[in-house]
Structures are given as structure tokens and as C-alpha cells.
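One structure is given here, and the rest of the page talks about it.
Residue numbers (the numbering used here): 6 to 89.
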């Protein structure tokens with residue numbers, strides 16, 4: 006793994022970590038009133054496109070980190086729909 010991949014993984018980890026407080030708060034409080042449904046739908050579509058792009062260009066850091074972000078974003082969207 007070279008320094009460019011390392012940079013990609015670090016950036017991806019930070020983006021994924023940024024989603025965790027919202028997921029944890031929504032799960033604990035069972036409230037998603039202030040979460041935009043459309044924001045997460047659009048975000049998930051964007052993540053799926055990033056994953057497709059990363060697979061095509063064979064960029065593992067981008068593919069992996071966006072996949073992890075996708076799982077978290079889908080979890081938040083699920084909570085948004087469930088606690089509506």
C-alpha cells in the first residue's frame with residue numbers, strides 16, 4: 006500500500022466517522038425529526054455511484070470507504086423511515 010492509498014483510507018475513515026454521531030443519536034433517541042429524508046436518499050445514490058466508479062478504476066480505498074459509508078447511511082435512512 007502506498008501513501009496515496011493511505012491518504013484515501015484516512016479520508017474515508019474520517020467521512021465514515023462523521024456519520025456515526027447521527028446514527029448513534031437517532032438509534033438512542035428513536036427520533037429522526039431533524040433528519041432530511043431526501044438528503045439521505047440523494048447521499049445513498051451518490052455513494053452507490055462512487056462505489057461503481059471506484060470498482061471501475063480499481064481504487065480500493067474509495068470503494069471500501071464508500072461501502073462502509075453506504076451501510077451507515079442506509080442504517081440512518083432505515084431509522085428515519087422507521088421512526089417517522
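From the three backbone atoms N, C-alpha and C, an ideal C-beta is built for every residue, glycine too. This structure is a prediction, so every number in the text was calculated from the model and none was measured.
In this chain, the alpha helix (DSSP H) harbouring residue 14 covers 8 to 34.
The beta carbon of residue 42 lies closer than 7 Å to those of 85 in the same chain, with the five residues before and after it left out. If you compare the alpha carbons of 65, 73 and 45 with that of residue 82, the shortest gap goes to 45.
When secondary structure is reduced to three states using DSSP, residue 40 falls in the coil class, being assigned neither helix nor strand. Short of 6 Å from the beta carbon of residue 55, and not among the five residues preceding or following it, lie these beta carbons of its own chain, in chain order: 71.
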